[in-house]
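Have a look at the structure below before the remarks.
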Amino acid sequence: MFDNKSILITGGTGSFGQKYTKTILERYKPKRLIILSRDELKQYEMQQRFNAPCMRYFLGDVRDGDRLMQAFKEVDYVIHAAAIKQVPAAEYNPTECIKTNIHGAENVIRAAIANNVAKVIALSTDKAANPINLYGATKLASDKLFIAANNMVGSGKTRFAAVRYGNVVGSRGSVVPFFKQLISEGAKSLPITHPDMTRFWITLQDGVDFVLKNFERMQGGELFVPKIPSVRIVDLAKAYGPDLELDIVGIRPGEKMHEIMCPADDSHHTLEFDDHFVITPSIRFFGRETDFCTNALGEKGQLVEMGFEYNSGTNPDFLTGDDIIQLDSKA
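In the UniProt record's numbering, the protein residues as written are 1 to 331.
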């Protein structure tokens, strides 16, 4: 569905954007593949890797609605990946986080509708489920904006959905590169926050593939959640530093012991499919009735039990140390 189409990625110089670009160029023949981001150095560096004739690099910030109006012209599909993601940075700079993650989302929605973009998928995070930090709260607000945007299109064709998943193996700022750096510097121990802490775990490629598939599945209004394994932070540290001591440093501000992707309070809106869940809209879309139990690919889901929660601590699928290293090698 991406052949001869124009695709734009906000925040496209990030880990996800670069993997998405590599995948699109390998599998499809897009008309244009547009990278929109605000850092010219990262764009320059990315151009050294990806310089296909279809590539376009646009400097711009999602906070700038006028720039998005220009960038979205004749675009078919948008992936909204731009965000302020670091929890401590968001806590220390709350207004900046709100400007990018919430006001930026509004600008993406307006530009997509004005330019008749066919489909928009926004990247969310497990921290948006029952959020306890500002980053999670802004991404929950962003999720709500993108779902409600399906009510703003009127007779227009634009459809919006969101994708929520957990920690990405090896992404910038994540714990695996941090552990590797400490080990390479000769560290005698690895810091972990709490011995019982767990997280959902996904590779960048699996995240990209999930987003690609959901462009085919989506009808507008879905929040897609993949079924993925969990890791225990202790097992993660031991996988990379089996002979190192573990230094318990305590839970940082804004962190949870376990992450949630499908909250129990949303169970009456949650459908289970073979390899993913869908949290359906809590609002009705004016003039449009959608059967979310059957998606655009004909895959069928069913309502989960009342009170169901998809939690990294109770997830039946946990990775072993060997599994962690193997996943990392494929990342």
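Every residue gets a Cβ at the ideal spot worked out from N, C-alpha and C, and that includes glycine. Since we're looking at a predicted model, the values are computed, not measured.
Q. Less than 8 Å separating the beta-carbons of A52 and L25?
A. Residue 52 sits at position 52 when you count from the first residue of the sequence shown. Residue 25 sits at position 25 when you count from the first residue of the sequence shown. Yes, the pair counts as a contact, with Cβ atoms nearer than the cut-off.
Q | Inter-stretch contact (C-beta, 8 Å, three-pair minimum) for the stretch 73-87 and the stretch 4-20 | A | yes
Q: Spatial neighbours of P281 within its chain, please: CB distance less than 7 Å, with the 5 preceding and 5 following residues excluded, ordered by chain position.
A: Taking the sequence shown and counting its residues from 1, one reaches residue 281 at position 281. Hits under 7 Å: I147, G221.
Q: Look up M46 in the DSSP assignment and give the residues it is bridged to.
A: Stepping through the sequence shown from its first residue, residue 46 is reached at position 46. Looking at the DSSP assignment, M46 forms no beta bridge with any residue, so it has no partner.
Q: Please work out which residues of its chain come closer than 8 Å, Cβ to Cβ, to H269, disregarding the five sequence neighbours upstream and downstream, and give them in chain order.
A: Residue mapping note: residue 269 aligns to position 269 of the sequence shown, counting from 1. These residues qualify, in order along the chain: I279, T280, P281, S282.
(Q) Spatial neighbours of P131 within its chain, please: C-beta separation below 6 Å, excluding the five flanking residues on both sides. (A) Counted from its first residue, the sequence shown places residue 131 at position 131. Around P131: A137, L140.
Q. Does the beta-carbon distance from L36 to A71 come in below 8 Å?
A. Residue numbering aside, residue 36 sits at position 36 when the sequence shown is read from its first letter. Residue numbering aside, residue 71 sits at position 71 when the sequence shown is read from its first letter. Contact flag set, yes.
Q. Any contact of the stretch 164-184 with the stretch 198-205, i.e. 3+ C-beta pairs under 8 Å?
A. yes
Q) Taking the alpha helix (DSSP H) that A162 falls in, what are its first and last residues? A) In the sequence shown, residue 162 corresponds to position 162, counting from 1. Here A162 belongs to no alpha helix (DSSP H); instead the beta strand (DSSP E) covers 159-163.
Q. Can you tell me where the alpha helix (DSSP H) with E26 in it begins and where it stops?
A. The count along the sequence shown starts at 1 and reaches residue 26 at position 26. 15-27 is the extent of the alpha helix (DSSP H) around E26.
Q | Other residues of its chain near Q18: CB distance less than 7 Å, five sequence neighbours each side excluded | A | Position 18 of the sequence shown, counted from the first residue, corresponds to residue 18. Answer for Q18: M46, listed in chain order.
Q) Should the stretch 147-162 be called in touch with the stretch 221-236, which here means at least 3 C-beta pairs below 8 Å? A) yes
Q: Compare the Cα-Cα distances from E259 to each of D243, R288, R284, I228 and report the closest residue.
A: Walking along the sequence shown from the start, residue 259 turns up at place 259. With distances taken between Cα atoms, E259 lies closest to I228.
Q) Would you report the Cα separation of Y92 and N101, rounded to the nearest angstrom? A) Counting from 1 along the sequence shown, the entry for residue 92 is found at position 92. Counting from 1 along the sequence shown, the entry for residue 101 is found at position 101. Looking at the two C-alpha atoms, the distance is approximately 15 Å.
Q) If you draw a straight line from the alpha carbon of I121 to that of M152, how long is it in whole angstroms? A) Residue numbering aside, residue 121 sits at position 121 when the sequence shown is read from its first letter. Residue numbering aside, residue 152 sits at position 152 when the sequence shown is read from its first letter. Those two C-alpha atoms are separated by around 16 Å.
**Q.** Range covered by the beta strand (DSSP E) that runs through residue 332
**A.** The requested residue 332 is not part of the displayed model; the chain covers only 1 to 331.
Q. Unbroken beta strand (DSSP E) runs of length 3 or more, entirely within the stretch 77-138: which are they?
A. Positions of the beta strand (DSSP E) runs, each at least 3 residues long and wholly inside the stretch 77-138, are given as 77-80, 119-123 in order along the chain.
Q | Beta-carbon proximity of F200 to D126, cut-off 8 Å | A | The residue labelled residue 200 in the question sits at position 200 within the sequence shown. The residue labelled residue 126 in the question sits at position 126 within the sequence shown. A contact, by the Cβ cut-off of 8 Å.
Q) If we call anything under 8 Å between Cβ atoms a contact, is S267 one with G313? A) Walking along the sequence shown from the start, residue 267 turns up at place 267. Walking along the sequence shown from the start, residue 313 turns up at place 313. No, the Cβ-Cβ distance between S267 and G313 is not below 8 Å.
Q.
What does the alpha-carbon distance come out to for the pair C293 and L327?
A. To locate residue 293, count along the sequence shown from 1; it is residue 293. To locate residue 327, count along the sequence shown from 1; it is residue 327. So the two alpha carbons sit approximately 32 Å from each other.
Q | Residues that I248 bridges to, as DSSP identifies them | A | As a first step, residue 248 is located in the sequence shown; it is residue number 248 there, counting from the start. Answer is I192.
(Q) Could you check whether M261 and D196 sit closer than 8 Å to each other, using their CB atoms as the reference points? (A) Here residue 196 is taken as the residue at index 196 of the sequence shown, counted from 1. Here residue 261 is taken as the residue at index 261 of the sequence shown, counted from 1. Result no, Cβ atoms of D196 and M261 do not sit closer than 8 Å.
Q: Could you give the DSSP three-state label for S155: helix, strand or coil?
A: In the sequence shown, counting from the first residue as 1, residue 155 sits at position 155. Here DSSP, grouped into helix, strand and coil, assigns S155 to coil.
Q. Y240 bridges to which residues according to DSSP?
A. Reading the sequence shown from its first residue, position 240 is the one you call residue 240. According to DSSP, which records beta bridges pairwise, Y240 is partnered with nothing at all.
**Q.** Assumed close pair D235, T320 - CB separation to whole angstroms, cut-off 8 Å
**A.** To locate residue 235, count along the sequence shown from 1; it is residue 235. To locate residue 320, count along the sequence shown from 1; it is residue 320. About 7 Å separates the two Cβ atoms, so the contact holds.
Q) With a CB to CB cut of under 8 Å and the five nearest residues on each side skipped, what residues in its chain are close to V208? A) Against the sequence shown, residue 208 aligns to sequence position 208. So the qualifying residues of the chain are F16, K19, Y20, T23.
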